[in-house]
Amino acid sequence: LSEPLGFAIDMVDNGSGPVADTGNKTYVRNIAGTDNRSGPKYDWDGVQQELTRKPAGFTILDPGYYLLNKKLFTGDPINGDAIYQAECIACHGVTGDGNGTINPSFVALNVPGQFNRLTRQALDAFAPNGGQHEGSTHYPTSETDRQDLFARLRGFSGIPGYYLENPSGSSSDVRAVSNVQLAKIDGFNSKGYSVLLVRALNTSNADDIAFDPAKMIYEFHIYLGDNDHLNRIGLLNQQLTFKP
Numbered sequence: 620l621s622e623p624l625g626f627a628i629d630m631v632d633n634g635s636g637p638v639a640d641t642g643n644k645t646y647v648r649n650i651a652g653t654d655n656r657s658g659p660k661y662d663w664d665g666v667q668q669e670l671t672r673k674p675a676g677f678t679i680l681d682p683g684y685y686l687l688n689k690k691l692f693t694g695d696p697i698n699g700d701a702i703y704q705a706e707c708i709a710c711h712g713v714t715g716d717g718n719g720t721i722n723p724s725f726v727a728l729n730v731p732g733q734f735n736r737l738t739r740q741a742l743d744a745f746a747p748n749g750g751q752h753e754g755s756t757h758y759p760t761s762e763t764d765r766q767d768l769f770a771r772l773r774g775f776s777g778i779p780g781y782y783l784e785n786p787s788g789s790s791s792d793v794r795a796v797s798n799v800q801l802a803k804i805d806g807f808n809s810k811g812y813s814v815l816l817v818r819a820l821n822t823s824n825a826d827d828i829a830f831d832p833a834k835m836i837y838e839f840h841i842y843l844g845d846n847d848h849l850n851r852i853g854l855l856n857q858q859l860t861f862k863p
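Each residue of the sequence shown is one higher than the last, beginning at 620 in this note's numbering.
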């Protein structure tokens with residue numbers, strides 16, 4: 620989450636542990652209310668997510684997992700689930716796994732990211748088409764019901780829990796580029812993960828370590844892990860020494 624825009628999360632140890640540097644971070648919690656159970660505030664607006672980063676250059680962000688170009692989330696997923704359970708489970712299963720209760724289609728709808736990559740217009744073109752979709756007669760005719768069903772289908776995919784924005788202030792000091800193919804986050808990466816981090820030795824920010832020319836030594840720490848801290852890879856303490 621910290622690398623798609625070309626920045627790494629810049630943090631400082633305040634004595635009690637690492638905290639984010641001052642300024643806006645690259646990610647903002649995507650919630651409609653005050654708690655994490657309130658549902659998403661935004662989803663993808665259907666516009667290809669193109670951007671040019673330094674030093675990484677041009678890239679496209681996969682809307683299956685990254686939310687940059689956004690619009691207000693619309694539709695009622697609870698009503699959408701009621702429609703789904705009434706009209707779709709015979710082929711696609713109660714949980715969207717494709718194991719239908721009457722006529723299993725074995726076409727899973729609960730694939731991570733799948734419906735985040737699909738626009739509402741694309742679904743409207745596919746679902747009522749009898750030549751493409753055997754269950755076309757079950758697709759709702761009401762605009763409201765279609766919107767609610769689409770909200771439920773995006774719920775199957777897992778709408779990104781954060782949206783991205785360019786950082787500011789001291790939080791924008793560390794540039795980053797990795798070997799992750801951001802245009803399509805899919806499949807197993809057998810080549811490992813590598814990332815290049817770039818930061819000025821002196822940033823003039825009070826919460827950044829500054830290089831001391833007299834010591835010719837620059838100390839820094841790199842922490843690798845998920846933002847939710849469920850997968851902690853580890854902390855690396857490094858000391859960069861400059862030769863005269």
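Note that CB positions come from ideal geometry on N, CA and C, so glycine has one too. Keep in mind the model is a prediction, meaning the values are calculated, not measured.
In the DSSP secondary-structure assignment, residue 838 is bridged to 858. The beta carbon of residue 842 is closer than 6 Å to those of 854 in its chain, skipping five residues each way along the sequence.
By the Cβ rule, the stretch 794-804 counts as touching the stretch 675-689, because three or more pairs are nearer than 8 Å. Between residue 720 and the set 703, 731, 734, 732, the nearest pair of CA atoms involves 703. Residue 708 sits in a helix when the DSSP states are folded into three classes.
Approximately 38 Å separates the beta-carbon atoms of residue 824 and residue 776; this is outside 8 Å, ruling out the contact. A direct Cα-Cα distance of roughly 16 Å separates residue 794 from residue 641. Distance from the CA atom of residue 633 to the CA atom of residue 832, rounded to whole angstroms, is 24 Å.
Burial check for residue 836: the Cβ neighbour count within 10 Å stays below 16, so the residue is exposed.
Taking the CA atoms as reference points, residue 818 sits about 20 Å from residue 646.
For residue 695, same chain residues with a beta-carbon under 7 Å away, outside a window of 5 residues either side, are 767, 770 in chain order. DSSP lists no bridge partner for residue 738. Here residue 654 is exposed: its Cβ has fewer than 16 other Cβ atoms, across all protein chains shown, within 10 Å. Relative to residue 798, the option among 792, 785, 812 whose CA is nearest is 812. Rounded to the nearest whole angstrom, the CA to CA distance from residue 686 to residue 747 is 28 Å. In the three-state scheme derived from DSSP, where H, G and I count as helix and E and B as strand, residue 779 is classed as coil. Less than 8 Å separates the beta-carbon of residue 856 from that of residue 840. In the three-state reduction of the DSSP assignment, residue 637 falls in the strand class.
If you check the CB distance, residue 738 and residue 683 do not come in under 8 Å.
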